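Scroll down for the structure; my scribbles are underneath it.
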Amino acid sequence: MAADGSLAMNGGTGMRSGRANSMQRFARRRSTIAFVMTLPLLAIIVGLVAYPAAYAIYLSTLNRRMTEFAGTLNFELLFESDTFWAVAFQSCFFAITAVLLKALLGFWLAHMLHHIPDKGQRKWRGMLLVPWVIPPALSTLGWWWMFDPSYSSINWLLAIVSVPEVPWLGHHWWARIAIIMVNVWIGAPFFMIMYLAALKSVPEQLYEAAAIDGASSWQRLRYVTLPMMANIISITVLFSLIVTFANYDIVRVLTNGGPRDLTHVFASYAFQVGILSGNIPRGAAVSLFMFPILAICAFFVLRSVTRRNKEQM
Amino acid sequence: MSKHGITRRNVMRNGAGVLAATAVGAPMVHAQGTGGTIRCGFWDHWVPAGNGILRELCAEWGQRNRVEVNIDFITSVGNQNLLTIAAQAQSRSGHDLLSFPTWEPASKAELLEPVDDVMGRLIQKYGAVTPAAEYLGKIRGKWVAIPAVSGTQMKPACVRFDLMQQHAGIDIRAMWPAENRQGPGADTWNWNTFLTAAEKCHAAGFPFGMPMGSFTDAVDTVGAIFASFGAFMMDERGNPTVRGNAKLRTAVEYMVRLSRFLPNDVWAWDDASNNRALISGRSALIFNPPSAWAVAKRDAPQVSQNCWTVPMPAGPEGRFVPYLPYFWGIWSFSRQKPAAKGLLEFLSERPQAERQTTTSNGYDIPPFASMSDFSIWATEGPPTGTVFNYPLKAHHNARTSVAMAPAPAEFAVQAYTQALNTKVVARVVQGGETIDQALTWLERELTNIRRGG
């Protein structure tokens, strides 16, 4: 490589013309080549992320007919709406509760699996991944049949043991619980598989050293396993938080936001306002509320990951 | 010169002639006609044969007018049709004509080709269009879409006449026979009678299956009840009319009373729940098009044989039947506007309308009152005449109702999809609020909608 960062070139044009001109030198720079090679990725990010995001921001500043600039009117109206605040509460409640439960359940399952011998482990791993593999809309439909207001099979089973009928989708708290249950059922295997991979990467010597020091099983978990898994836990939680926050299909299939809009999340409410009510700018404004909340979460989680990495180096 | 008379020059000349003739004649051979191609996006009908008849009618018209008609059937499951409309409106490309559900013509009025000429001719031939269709399809004095036959439905009461007779003492078939007249006691078929019957049937274990959630069946039914009490939440100019509205208060009070006699879980019911309630034999009455009866005919014949469709009960301000129409609209960016208009006019004419209604077993309702005498409604059964009173007939003394009317469509659609009328009742019954609190909430929501423009 030459001193200016360009790659040395033998023969061809360089040989014929003696010295490369400035254009050729520019094309040979590593930074130029790197830029050209990242162009496909940049095109994807600009086309599928930046442009839609910018367009959503633009849409949210228009009036309902999309004929005039309305400034922040859509946001102001949302702030004044009781329904919107109920949606904001439910979105946060749903995402936080569901992610915590998924993380706990996934962690427990991963531990259980980790202690099963390799031969049998594969079978259990496959079975436990099934809920995550089935398309969510389809499995949610199955759950909906089980929660059906009039013919719930779960209620039928409860009735056998003389437990009174539960209004799974008719009462807002039960409906919220039902939605979280389904989300946890679908999402826990993802946590399980990630945590299992992390558990397998913890060096066995650390446990041996801890055992020599007389550490209890709780101490091994607290001082060896958890610190070694901290990064993967953070990243998994962040990823799941993003996906859960933007969840749409479970709410849409199970409750359609009811009763009384108390189970709507941002995505389902944005669809109702934007597409069903024909108010695309207001729908865009609703969906944009997810962005700052998730950006703040992502900032703190990624910062803690970076700090931990620096400490380990 | 050749001794056979075949010269190189002759071969070349004749060959060129053949080529030219082929080139000129080719389009006439390969295309169906010179009128080009129309791309249609029709609603994917619930009744399977409903798509077939449209395909058949389009092919007939296409052959007659030498136009190729391409048809896509777009489902409303998962709101696929709404998404398609939104996408085509944004991109200004797609089909030439589409089926537009209830509120979409108003929402996309600026992008739709006015069809006053077609509607003018149809009205001249068949008389006035039902006012609810006019409210939804005629925007700022212009028809922006044609009220469709295929997919348009009403939601009158489908009654289990045996249970109604046994538990409420009402002979509903005598009241509303399969004839163009009212029977004895039809004048007492009002919301007070209905409430008493609801209480009795509830006590007997066959509660009326009336959804109270946010799906269309619930919103339409409650909308019709509100209309029959003269309870409107917004006026024609879009001003909320909640404060000091005694009629609205009375309607909400009535709904709160009625809710006590409905199944506990109606707040979570969707559009299929009432059908299931009827078909399973658990309910004595639902508000629905004949599709519920048709499914019962297939799956539970003992239930369907005891079903009878009758008009809605009347309120202090009259009798209103929930009406949920589809429209056929032509995009302003279509390049086949004249042909599309021709096709839609053909589909709306009486013979074609009757074929659509007959094929859908009477489900499809034409927009013209003069077409409420198709024979299918009198012959369908068992029991024969069960859906005779499904379309609006003169002796019903009823009007079609669109929930949230007479508010301007752009506001009404928002109140409709947010199911404000059922929620105001739910806030009292389920949420434990007082009627005043619920009405204050309603006014805030409507004001919010209005301010959004």
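Those sequence lines, one after another, are chains A and B. Numbered by the numbering used here, the letters in the first sequence go through residues 112 to 424 in order. Numbered by the numbering used here, the letters in the second sequence go through residues -2 to 450 in order. Note that the Cβ used here is the ideal one computed from N, Cα and C, for glycine as well. These figures come from a predicted structure and were not determined experimentally.
Short Cβ contact (9 Å threshold) for residue i with residue j
i	j	result
B/Tyr323	B/Phe97	yes
B/Thr218	B/Met230	no
B/Ala183	B/Ile222	no
B/Asp262	A/Gly369	no
A/Thr194	A/Gly182	no
A/Ala209	A/Val295	yes
B/Ala402	B/Ala224	yes
B/Asp93	B/Ser331	yes
B/Val216	B/Glu440	no
B/Val300	B/Ala293	yes
B/Glu57	B/Gly326	no
B/Ala274	B/Pro260	yes
A/Ala299	A/Trp255	no
A/Val313	A/Val348	no
B/Ala311	B/Trp188	yes
B/Phe408	B/Ile446	yes
A/Ile361	A/Val293	yes
Inter-residue CB distance, residue i and residue j (contact presumed, cutoff 8 Å)
i	j	result
B/Leu192	B/Arg254	6 Å
A/Met257	A/Ser263	6 Å
B/Val399	B/Ala103	About 11 Å; that fails the 8 Å criterion.
A/Ala248	A/Val364	6 Å
A/Ala214	A/Phe302	6 Å
B/Arg63	B/Gly32	5 Å
B/Ala46	B/Ala366	No, B/Ala46 and B/Ala366 are not in contact; Cβ-Cβ is about 25 Å, not under 8 Å.
B/Ala83	A/Ile386	6 Å
Residue i burial status per 10 Å Cβ neighbour count (16 or more: buried)
i	result
B/Asp113	exposed
B/Met25	With a pLDDT of 40 at B/Met25, under the threshold of 50, the predicted position of this residue should be treated as unreliable, though the coordinate-derived value follows. Answer is exposed; the Cβ neighbour count stays below 16.
B/Ala145	buried
A/Tyr306	buried
B/Asp214	buried
A/His226	exposed
A/Met238	exposed
A/Trp329	exposed
A/Trp235	exposed
A/Arg175	buried
A/Val147	exposed
A/Asn367	buried
A/Val384	buried
B/Arg157	buried
B/Ser280	buried
B/Ala435	buried
A/Ala322	exposed
B/Ser357	buried
A/Leu337	exposed
B/Met252	buried
B/Arg178	exposed
B/Gln77	exposed
A/Val397	buried
B/Glu442	buried
Run of the beta strand (DSSP E) containing residue i, from where it starts to where it stops
i	result
B/Ser398	Ala395 to Ser398
B/Thr306	Cys304 to Val307
B/Ser96	Leu94 to Pro98
B/Ala154	Ala154 to Arg157
B/Pro319	Gly315 to Leu321
Range of the contiguous alpha helix (DSSP H) that encloses residue i
i	result
A/Ser202	Asp193 to His225
B/Gly75	Element bounds for B/Gly75: n/a, residue is neither H nor E.
B/Phe39	Element bounds for B/Phe39: not the alpha helix (DSSP H) but the beta strand (DSSP E), Thr34 to Trp40.
B/Ile283	Taken as a continuous stretch (DSSP letters only), B/Ile283 belongs to no alpha helix (DSSP H), being part of the beta strand (DSSP E) at Leu282 to Phe284.
A/Ser261	Taken as a continuous stretch (DSSP letters only), A/Ser261 belongs to no alpha helix (DSSP H), as it is neither H nor E.
B/Arg52	Pro45 to Asn62
A/Ile245	Neither: A/Ile245 is in no alpha helix (DSSP H) and is coded neither H nor E.
A/Phe382	Phe377 to Phe382
B/Tyr360	Here B/Tyr360 belongs to no alpha helix (DSSP H), and DSSP marks it neither H nor E.
B/Thr247	Ala243 to Ser256
A/Met305	His283 to Lys311
Any non-hydrogen atom of the ligand FAD closer than 8 Å to residue i Cβ
i	result
B/Val216	In terms of ligand content, the structure shown is empty, and the ligand FAD therefore cannot be addressed.
Across the segment 246 to 260 of chain B and the segment 423 to 439 of chain B, are there enough close Cβ pairs to call them in contact, namely three or more that are closer than 8 Å?
With the rule of 3 Cβ pairs closer than 8 Å, the segment 246 to 260 of chain B counts as touching the segment 423 to 439 of chain B.
With three or more beta-carbon pairs closer than 8 Å as the criterion, would you say the segment 73 to 93 of chain B touches the segment 298 to 317 of chain B?
Verdict: no, contact absent.
Kindly confirm or deny that the segment 309 to 319 of chain B and the segment 146 to 159 of chain B touch, where touching means at least three C-beta pairs closer than 8 Å.
yes
Touching or not, the segment 375 to 394 of chain B and the segment 59 to 69 of chain B, by the rule of three or more beta carbon pairs under 8 Å?
no
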